[in-house]
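Student:
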Amino acid sequence: MVEYLRTAFHDALKKLGIDFPKEEIQFEIPKQVQHGDFATNVALQLARLEKSNPREIAERLIEALELDPAMVSTVEPAGPGFINIRMNPGYVVSRVSEILETGEAFGNVDTGRGRSANVEWVSANPTGPLHAGHGRQVCLGAAISNLLEWAGWKVTREYYFNNAGVQMQNLGRSVQIRYLQALGEEVEMEKGLYNGEYIKDIAAEIKEEFGEAKRNESIDFFRKRGEEWCFARIKKTLERLEVHHDIFFNEDTLYKDGKIDEVLSLLREKGLVYDREGAVWFRSTKFGAEKDRVFVKSTGEPTYRLPDVAYHREKILRGYDLVIDIFGADHIATIPDVLAAVRAMDLPTDHVRVVIHQMVSFVEGGETVKMSKRSANVYSLDDLIDDVGADVVKYFFVMRAANTHLDFDLELAREQSEKNPVYYLQYAHARIASLIRFAESEGVDLEAAPDLALLTHEAEITLARKLLDFPGVVDDCAESLEPHRVCNFLQDVATAFHKFYQECRIVTENQALTTARIALCRATRYTIANGLSILGITAPESM
RNA sequence: GCGCCCGUAGCUCAGGUGGAUAGAGCAUCUGCCUUCUAAGCAGAGGGUCGUAGGUUCGAGUCCUACCGGGCGCGCCA
13 MVEYLRTAFH DALKKLGIDF PKEEIQFEIP KQVQHGDFAT NVALQLARLE KSNPREIAER
73 LIEALELDPA MVSTVEPAGP GFINIRMNPG YVVSRVSEIL ETGEAFGNVD TGRGRSANVE
133 WVSANPTGPL HAGHGRQVCL GAAISNLLEW AGWKVTREYY FNNAGVQMQN LGRSVQIRYL
193 QALGEEVEME KGLYNGEYIK DIAAEIKEEF GEAKRNESID FFRKRGEEWC FARIKKTLER
253 LEVHHDIFFN EDTLYKDGKI DEVLSLLREK GLVYDREGAV WFRSTKFGAE KDRVFVKSTG
313 EPTYRLPDVA YHREKILRGY DLVIDIFGAD HIATIPDVLA AVRAMDLPTD HVRVVIHQMV
373 SFVEGGETVK MSKRSANVYS LDDLIDDVGA DVVKYFFVMR AANTHLDFDL ELAREQSEKN
433 PVYYLQYAHA RIASLIRFAE SEGVDLEAAP DLALLTHEAE ITLARKLLDF PGVVDDCAES
493 LEPHRVCNFL QDVATAFHKF YQECRIVTEN QALTTARIAL CRATRYTIAN GLSILGITAP
553 ESM
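Numbering (the numbering used here), first residue to last: 13 to 555.
1) Could you tell me which uninterrupted alpha helix (DSSP H) segments, each at least 4 residues in length, are contained entirely in the segment 284-370, listed from first to last along the chain?
2) What residues are listed by DSSP as bridge partners for F261?
3) Rounding to the nearest angstrom, what Cα-Cα distance links K385 and P462 in this structure?
4) May I have the straight-line CA-CA distance separating S373 from D394, to the nearest angstrom?
5) Run through DSSP, which three-state label would S429 get?
6) In chain order, what residues of the same chain lie with their CB nearer than 8 Å to the CB of V400, ignoring the 5 residues before and after it?
7) Determine the burial state of G270: buried for a count of at least 16 other Cβ atoms within 10 Å of its Cβ, exposed for fewer.
8) Candidates H469, A465, A445 and E470: which alpha carbon is nearest L458's?
9) Would R107 and L480 be called neighbours here (beta carbons separated by less than 8 Å)?
10) Compare the Cα-Cα distances from L351 to each of F509, F294, V134 and L160 and report the closest residue.
11) Put S85 into one of helix, strand or coil per three-state DSSP.
12) Mind checking which residues open and close the alpha helix (DSSP H) that includes L458?
13) In or out: Q38 buried (at least 16 other Cβ within 10 Å) or exposed?
14) For P89 versus R67, is the C-beta spacing smaller than 8 Å?
15) Tell me, to the nearest whole angstrom, how far the beta carbon of P495 is from that of L159; I am working on the premise that it is less than 8 Å.
16) For the segment 106-122 and the segment 526-546, state whether three or more C-beta atom pairs, one from each stretch, are separated by less than 8 Å.
17) What would DSSP say about R534, mapped onto helix, strand or coil?
18) Where do the N-terminal and C-terminal ends of the beta strand (DSSP E) with S128 fall, by residue?
19) Between D403, D333, G455 and I448, which lies nearest to P433 when the distance is taken from Cα to Cα?
20) Does the ligand NAD have even one heavy atom less than 7 Å from the beta-carbon of A215?
21) Closer than 7 Å by C-beta to C533: which residues in its own chain qualify, once you throw out the five before and the five after it? Chain order, please.
22) What residues in its chain sit with their C-beta under 7 Å from that of S392, if we drop five residues either side in the sequence?
23) Spatial neighbours of V54 within its chain, please: CB distance less than 6 Å, with the 5 preceding and 5 following residues excluded, ordered by chain position.
24) Put I37 into one of helix, strand or coil per three-state DSSP.
25) How would you label F501, buried or exposed, when you count the other beta carbons within 10 angstroms and need 16 or more for buried?
26) Rounding to the nearest angstrom, what Cα-Cα distance links L279 and N175 in this structure?
27) For I231, tell me which candidate among A163, R330, D419 and R185 has the shortest Cα-Cα distance.
28) Leaving out the 5 sequence neighbours to the left and right, which residues in its chain are closer than 7 Å to C489 when beta-carbon positions are compared?
29) According to DSSP, D419 sits in a beta bridge with which residue or residues?
30) Tell me which residues share the same chain as Y171 and place their Cβ nearer than 8 Å to its Cβ, disregarding the 5 neighbours each side in the sequence.
31) How far does the alpha helix (DSSP H) with M180 in it reach, from first residue to last?
32) Of the choices F307, G378 and E326, whose alpha-carbon is the least far from that of L359?
33) Would you give the residue range spanned by the alpha helix (DSSP H) that I211 belongs to?
34) What three-state label does DSSP hand K385 in the structure shown?
35) Which one or two residues does DSSP pair with S392 in a beta bridge?
36) Using the beta-carbon count (16 or more within 10 Å), is E515 buried or exposed?
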């Protein structure tokens with residue numbers, strides 16, 4: 013649609029002897045309905061370049077335009093020099109047939125052109141269950157992956173499994189202590205170790221299985237058991253949210269395959285690492301950082317940054333066209349170092365995009381419940397799912413822009429009523445499903461070809477117009493990696509539908525009109541269901 | 001102290017690459033169910049878009065400085 017207008021405007025400009033890049037002709041959907049379906053500010057932009065009156069340019073431009081009157085009804089200058097374009101309502105409504113034809117694929121766009129994308133997210137340490145705050149990352153990444161797929165990318169979903177390093181040793185030691193305590197030994201839990209109740213569960217399982225046989229077992233055994241337990245638990249939680257990864261990349265393979273050493277020697281060749289005080293340092297200051305960073309501790313163990321570099325190198329070497337990292341704001345500081353190191357190894361990073369999301373606060377009764385990772389009793393993601401349900405979890409975590417702090421209102425989320433925005437969408441879907449069932453029971457032939465031209469009511473046209481925006485919304489959201497805009501769009505669709513339902517009786521004696529309105533309902537249903545599927549939310553047949 | 005993010009209605013937040021009279025949900029108040037799902041619809045009140053400058057035809061949006069909040073600034077991840 014916009015493309016059609018853009019071409020027409022470009023041709024008109026050429027006729028006036030004005031050379032203006034086609035791609036820079038902007039069309040927006042005006043906030044005010046009186047301003048039409050589309051508006052462009054080319055005349056205002058040109059006023060600057062041509063040094064003349066924008067209003068006058070607009071008028072000359074309109075004169076030169078050649079548009080199909082079946083599609084466009086009016087084009088008029090407005091305000092300081094906008095050009096408002098109104099589509100022919102009959103044309104808008106006729107395009108509903110495209111939605112019915114594409115059905116479950118409506119909303120797909122092909123900007124990705126089958127190129128490959130890798131999305132890495134969650135990547136929580138396997139040192140415990142996912143806590144409620146992880147939910148944002150989990151749901152955001154899933155929605156972004158889905159969006160990219162809808163936009164024509166071939167997506168690989170990946171989880172970087174941090175199963176090496178000090179924290180894993182701590183986990184092992186924690187389990188060991190709990191196990192020994194369970195055997196009646198006088199051992200104190202040490203500072204800085206994992207205190208959660210789940211550690212006792214792991215220890216209890218070991219005791220159950222081996223009795224006292226592991227009394228003198230090394231930490232390594234307990235570490236392994238702990239890792240397996242945590243991994244299984246994390247996967248189970250992800251499963252409950254229907255979040256799937258194609259690749260679980262184990263950090264320890266970077267060691268086994270010598271990738272860590274490879275990176276070190278590559279950097280050493282370039283003189284980008286040096287030894288000091290028994291540690292190996294990376295010259296991050298060469299890349300604008302305020303201080304150099306330790307890559308290998310004096311104990312000989314790498315810090316987390318080095319495997320991060322090696323891991324990113326691996327991902328980039330795999331040759332994806334787009335590499336996306338999703339991180340919490342608390343990890344923001346490491347990104348420039350990692351990318352700088354990767355670039356230093358002569359690898360491109362232009363196609364790496366990092367989505368940073370801010371932290372989450374859970375609010376209950378006006379009080380903020382702060383989550384802390386290593387305290388004894390954490391509110392886990394499983395608890396949250398039990399508490400409010402998977403659909404609500406997914407919606408609430410994605411409905412706000414990632415870049416802003418999120419207040420997760422537990423009371424509102426728990427509310428199974430009209431107050432909860434999730435139900436507003438689901439209710440619209442269920443209402444349509446019910447309507448279609450009713451129409452069938454009244455003997456309406458759903459297969460009959462609708463005469464969409466019968467849809468002339470303002471509420472019908474507004475709804476149709478809104479539905480047709482969907483592919484553009486998918487495209488924009490995928491480009492900006494901002495799934496919350498899908499939520500906003502779906503709210504608008506539901507509002508337009510409820511309004512239509514309120515104003516227009518759908519199943520009536522008038523068969524032709526009934527068929528046309530049912531067609532519009534079906535188009536709405538596809539749009540809502542498809543949008544919800546991007547968010548991973550179920551579209552109920554009844555409520 | 002330095003870096004990144006945020007500051008929009010009582011509360012939580014939307015506001016494509018600057019555009020026309022700043023929006024939604026919740027909360028408060030008022031109407032609408034003998035008729036396809038009232039988990040809905042219609043309407044009312046509520047704002048100096050943190051503050052002060054700047055850029056320009058035009059700023060919630062861009063720049064600068066302050067103020068307020070969050071997160072980082074480990075040989076933790």
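Glycine included, C-beta positions come from ideal geometry on N, C-alpha and C.
This structure is a prediction, so every number in the text was calculated from the model and none was measured.
Tutor: Concretely, from the data shown:
1) 317-329 and 346-356
2) Y172
3) Since pLDDT at K385 reaches only 45, below the 50 mark, its modelled position is unreliable, and the value read off the structure follows with that caveat. Distance between the alpha carbons of K385 and P462: 57 Å.
4) Taking the straight line from one Cα to the other gives about 17 Å.
5) coil
6) F408, L422, A425 and R426
7) exposed
8) Of H469, A465, A445 and E470, the residue nearest in Cα terms is A445.
9) yes
10) F294
11) If DSSP states are grouped into helix, strand and coil, S85 belongs with the strands.
12) Counting along the chain, no alpha helix (DSSP H) covers L458, and no H or E run does either.
13) Exposed.
14) yes
15) 6 Å
16) yes
17) Per DSSP, reduced to three states, the secondary structure at R534 is helical.
18) S128 to E132
19) D403
20) As far as ligands go, the structure on display features none, and thus does not contain the ligand NAD.
21) I444, L447, I448 and I518
22) P141, L142, H143 and A144
23) I37
24) coil
25) buried
26) 24 Å
27) The candidate whose alpha carbon is nearest that of I231 is R185.
28) L159, P495, R497 and V498
29) S373
30) E132, W133, V134, S135, H257, I259, F260 and F261
31) From DSSP, the alpha helix (DSSP H) with M180 extends over V178 to A194.
32) E326
33) E209 to F222
34) In this prediction, K385 scores a pLDDT of 45, lower than 50, which makes its location untrustworthy; no coordinate-derived value is stated.
35) H143
36) exposed
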